[in-house]
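The sequence shown begins at 1 in this note's numbering and counts up one residue at a time. The beta carbon of each residue, even a glycine, is placed where N, CA and C say it ideally should be. Worksheet: the structure to be examined is printed underneath.
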Amino acid sequence: MASPTMSIAAGRWSRVLLESAPVHNLWRPAAFALNVPGLLSGVWDSVLRAVPKKKTSHMKKRHRQMAGKALKDVKNLSTCPGCGQIKRAHVLCPHCVENIKKQWKNTQTA
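Structure below.
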């Protein structure tokens, strides 16, 4: 156990250290020393208003995620050499395919 004189000396030195200005300022956080609300009052108002008032509902989130995306323009168009209709490049002409299907159906029934 410590002697009474040591505890008195320790108490006195700890009080001196706590009350000294430079050391006391090191222990205090800088945010309390500055007038933060006074410096940032304009910014603080905009930060508070940037928060949504209500939680986004499940339905609205799904509508946003599943919404139709913009379609890309079709740039690779050409004319069919058989019938002259417009068709996509490297794809069979749908009009010619329909004509061929009709001819096959007629030959099967006959």
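Check, Outcome
"Contact with chain C by E98, beta-carbon distance below 7 Å", "Note that chain C does not occur in the displayed structure, where there is just one protein chain."
"Backbone CA spacing between I100 and H90 [nearest angstrom]", "18 Å"
"Assumed close pair R88, L71 - CB separation to whole angstroms, cut-off 8 Å", "R88 to L71, Cβ: 14 Å. No contact."
"Cα-Cα separation between C93 and H63, rounded to whole angstroms", "36 Å"
"DSSP three-state assignment for T56, whether helix, strand or coil", "coil"
"Opposing strand residues paired with R88 [DSSP bridges]", "L77"
"Limits of the unbroken alpha helix (DSSP H) element including K102", "94 to 109"
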